[in-house]
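First up is the structure itself, then whatever we jot down about it.
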Amino acid sequence: MSVGGLPQADYERLLVFRTALRQFLRWSEGEAKAAGLTPAQHQLLLAVRGHPGPAGPTIGELSRYLVLRHHSVVELVDRASAAGLVRRRREDEDHRVVRVELTADGEERIEGLSRLHLEELRRLAPMLPPQAPGEARGGSDRTSGG
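Per our numbering, the very first residue in the sequence shown carries number 11; after that it's consecutive.
So, in structure tokens, the structure goes:
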């Protein structure tokens, strides 16, 4: 059955994907709590550790990664710093620029959680809906007109 131009199979694929995504996020929150972190702290540690380049991210970069307002990230970094997970460091070249880096405890926790998350993603991969015919990896095939 096709309503509104989309085939029923597309809605079913979207539902399966959204359900798997929500289940993964709920599982992730539980793993963060089991590691003694809030889900927001876990996301912060991942954003700091995953930031490309040798220097840690700035608050502005973290704000973009976490899709949070600047002041919310400042508060999150304050709480994570008080918990011994991250620290602020001023750049040598420009003391106005403050970078966030992991402490040894923060590094250890994100390493353990990331290993668990990668295992869970590998476990979930077969449950995700298969690619539709003519669909490129990571999106629809725009060259076929459909």
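C-beta atoms are modelled at their ideal positions from N, C-alpha and C, and glycine is treated no differently.
Query raised in the report: Exposed or buried, what is His52 when buried is set at 16 or more other beta-carbons lying within 10 Å of its beta-carbon?
Result: buried
Requested in this report: Give the straight-line distance between the Cα atoms of Ala19 and Val84, rounded to the nearest whole angstrom.
Outcome: 44 Å
Report task. Please confirm whether Arg59 and Leu126 have their CB atoms less than 8 Å apart. Result -> no
Query raised in the report: Which residue or residues does DSSP assign as beta-bridge partners of Thr29?
Result: The partner list for Thr29 (beta bridge, DSSP) is empty, contrary to what the question assumes.
Query raised in the report: By how many angstroms is the C-alpha of Arg97 removed from the C-alpha of Pro62?
Result: 18 Å
Query raised in the report: Given Leu131, which residues of its chain have a CB within under 8 Å of its CB, disregarding the five upstream and five downstream residues?
Result: Phe34
Report task. For my contact list, Arg28 and Thr68 are in at a C-beta cut-off of 8 Å; report their separation, rounded to the angstrom. Result -> Contact flag wrong, Cβ pair sits at about 33 Å.
**Report entry** Own chain residues within Cβ distance below 7 Å of Met137, not counting five before or after
**Finding:** Ala30
Query raised in the report: beta strand (DSSP E) containing Val87: first to last residue?
Result: Not the beta strand (DSSP E): Val87 falls in the alpha helix (DSSP H), residues His80 to Ala92.
Query raised in the report: Do you know offhand how far Arg89's Cα is from Leu128's?
Result: 27 Å
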